[in-house]
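Take the first sequence: its letter number 167 is residue 169 in this note's numbering, and every next letter is one higher. Each residue gets a CB set at the ideal place from its N, CA and C atoms; glycine is no exception. Here's the structure, in structure tokens; my notes come after.
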Amino acid sequence: MEKLIKAVIDNQNKIPYINLNGLNAYKGWTADFHISVCGKESIRLNLEEEEDLFLLFVLASAWSKTGPWENAAYFTVYLKASNKDKVELWLDEAFVEEEKQKRKKAASEIISQCTGVIPRKKISFRQDYYTSMVVLAKEWEHIKAQLYQAEKNKEYDTFIQYISSVSGLGAGQNKMRIKIPLILRELRCQNVFQHIPGKYCCVPDERVKVTCKELGIYLPTINSIKSILRASEIIYDHFGDLYDIPLFAYEDLKENI
DNA sequence: ATCCGTGTAGGCGCGACGGA
DNA sequence: TCCGTCGCGCCTACACGGAT
């Protein structure tokens, strides 16, 4: 465990998603994608800004679907780089349909323009990325209201329940589950809100679960929001403000441990 | 009787792969 | 080129067993 944490700190410059600050705490995944388009500066999200906050939810939703995480990352990069991060755009049916039509072309184009993260497999933008964006756009005012309410009340359980109840943010008509802590973690890391508890900020996804098994860290079976939050809490107890990053990175760090 | 944590099976949409 | 099949990673449904 200590060796893994040390490997994370030692290799922070080699692995794109390990963004640490001077105190070796995690700055968040969206603080720097380490992907740049056409040689411009690296893509980042500034979660104080509305468009970027919207993209954070898009990223989480895309990542909630099956497939390699790079797909969700590059989809977000695509939207950001082509200024398709405005909520209103996704309320326009014709626009959405057009985007859906050219999803294969868009995926291959963006990958040819980008440098940085090398995807393990071919990048593809699933159809339901787009339908989820429509859901997010329609629900956007309510989502923001719930989020600000949570911060005001210093109580995030209600927000978590709400966002996990919206159909169509997971694969197909399913709900978003596993990546809800990602949203909270990114907001916490960027200090957008002051009262997000760290114990709700660790993502027990497939990679993380596999690592836990290998390291002998017990996690409950993940099949409900409640079990996700309990798993998150266990991970936070182990790694604190490095969150799930060491566990996620394990596969990429193995040879350095 | 009910609740809750746990484990398991199966569905879905995708890419990869291989044979015709 | 066109299938069929497989593996992947997520979500859902459900069954089981212990506690209250």
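Spell out the partners DSSP gives residue i in its beta bridges.
i	result
Gly118	Ile37
Ser169	Lys177
Leu22	Tyr28
Rounded to whole angstroms, what's the CA-CA distance from residue i to residue j? Just pull it up for me.
i	j	result
Arg187	His144	20 Å
Gly69	Phe35	18 Å
Asn21	Tyr150	26 Å
Glu235	Arg46	27 Å
Ala265	Lys154	The requested residue 265 does not occur in the structure, where the chain is confined to residues 3 to 259.
Cys204	Lys181	9 Å
Glu51	Asp87	11 Å
Leu171	Thr133	8 Å
Phe241	Val212	16 Å
Ile17	Asp254	8 Å
Ser66	Ala173	7 Å
Trp92	Met135	7 Å
Asp12	Lys215	24 Å
Ile219	Glu208	14 Å
Glu4	Ser229	26 Å
Can you name, in chain order, every residue of its own chain whose Cβ lies under 6 Å from the Cβ of residue i, other than the five neighbours on each side?
i	result
Phe77	Ala64, Phe127, Tyr131
Gln192	Gly30, Leu49
Ala62	Lys181, Leu184, Ile185
Leu244	Tyr28
Ala83	Val39
Asp54	Leu47, Asn48
Would you please state the rounded distance, in angstroms, between the beta carbons of residue i and residue j? I believe it to be under 8 Å.
i	j	result
Pro199	Tyr158	7 Å
Ser166	Gln175	Wrong, their Cβ atoms sit about 14 Å apart, outside the cutoff.
Tyr202	Leu231	6 Å
Val210	Asp239	Their Cβ separation, rounded to whole angstroms, is 14 Å, which puts Val210 and Asp239 out of contact at 8 Å.
Gly118	Ser226	Wrong, their Cβ atoms sit about 36 Å apart, outside the cutoff.
Lys102	Gln129	6 Å
Apart from the five residues on each side of it in sequence, which residues of its chain come closer than 7 Å, Cβ to Cβ, to residue i?
i	result
Leu189	Leu49, Phe195, Ile198
Ala233	Pro206, Leu221, Pro222, Ile224
Ile57	One detail in the question is off: residue 57 reads as Leu in this sequence, not Ile. Once the five neighbours on either side are set aside, the close Cβ partners of Leu57 are Leu47, Thr78, Leu81, Lys82, Asp87.
Val137	Val168, Gly170, Leu171
Ala139	Val89, Trp92, Leu93
Buried or exposed: which applies to residue i, given that a residue is buried once 16 or more other Cβ atoms fall within 10 Å of its Cβ?
i	result
Asn23	exposed
Gly178	A small fix is needed here, since residue 178 is Met in this sequence, not Gly. By the 10 Å Cβ count, Met178 comes out buried.
Ala9	buried
Cys116	buried
Phe250	buried
Asn73	buried
Ala108	buried
Ile259	exposed
Ile237	buried
Ile120	exposed
Leu6	buried
Phe97	exposed
Can you name, in chain order, every residue of its own chain whose Cβ lies under 8 Å from the Cβ of residue i, other than the five neighbours on each side?
i	result
Phe161	Gln148, Leu149, Gln151, Ala152
Trp142	Phe56, Val89
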